[in-house]
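Below: the structure, in structure tokens.
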Ligand SMILES: [Fe+2]
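Numbering (this note's numbering), first residue to last: 6 to 133.
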């Protein structure tokens with residue numbers, strides 16, 4: 006099992022020194038804070054707030070997973086070329102559509118073929 010890296014687990018000094026490395030590998034969830042039971046909800050996951058990641062054949066973002074607590078809800082498989090291919094960079098991004106039945110605590114995981122697994126901050130959705 007590889008290490009799971011997270012945006013929040015570094016000291017302020019480490020964060021500053023590795024800011025672009027951390028940012029471009031970290032998934033960020035965008036979702037409405039409130040939703041209705043049984044209605045479709047869009048959950049966007051994008052890697053990098055401010056920085057882009059390489060899209061080379063030996064180094065690219067391969068997967069984005071979405072969990073509700075410990076339950077895996079979805080996996081998107083990405084291949085090199087989705088952001089222009091070799092020599093290009095981009096922000097891997099997917100939007101999942103889910104139908105909630107109860108409050109959500111969403112966490113995304115991303116996998117870089119060279120730099121391993123990265124975890125997002127949790128995003129909570131009140132469902133009524
Ligand atoms: Fe990487």
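Built from N, CA and C at the ideal position, the CB exists for glycine as well.
Item	Value
Spatial distance of residue 68 from residue 49 (CA atoms)	14 Å
Alpha helix (DSSP H) segment containing residue 87, residue limits	Note, residue 87: premise wrong, no alpha helix (DSSP H); not H, not E.
Cβ contact (3+ pairs, closer than 8 Å) linking the segment 83-94 and the segment 38-52	no
Residue 89, buried or exposed, once every other Cβ within 10 Å from all chains shown has been counted against 16	exposed
Length of the line joining the Cα atoms of residue 132 and residue 36	12 Å
Residue interval of the beta strand (DSSP E) (run including residue 26)	From DSSP, residue 26 is part of no beta strand (DSSP E) but of the alpha helix (DSSP H) over 24-30.
Interface flag, residue 87 vs chain D, CB-CB below 7 Å	No chain D is part of this structure, which consists of one protein chain only.
CA nearest to the CA of residue 82, picked from 114, 56, 127	114
With 16 other Cβ atoms within 10 Å as the buried cut-off, status of residue 63	exposed
Residue 78 versus 29, 107, 111, residue with shortest Cα-Cα distance	111
Closest by C-alpha distance to residue 54, when choosing among 16, 85, 12	12
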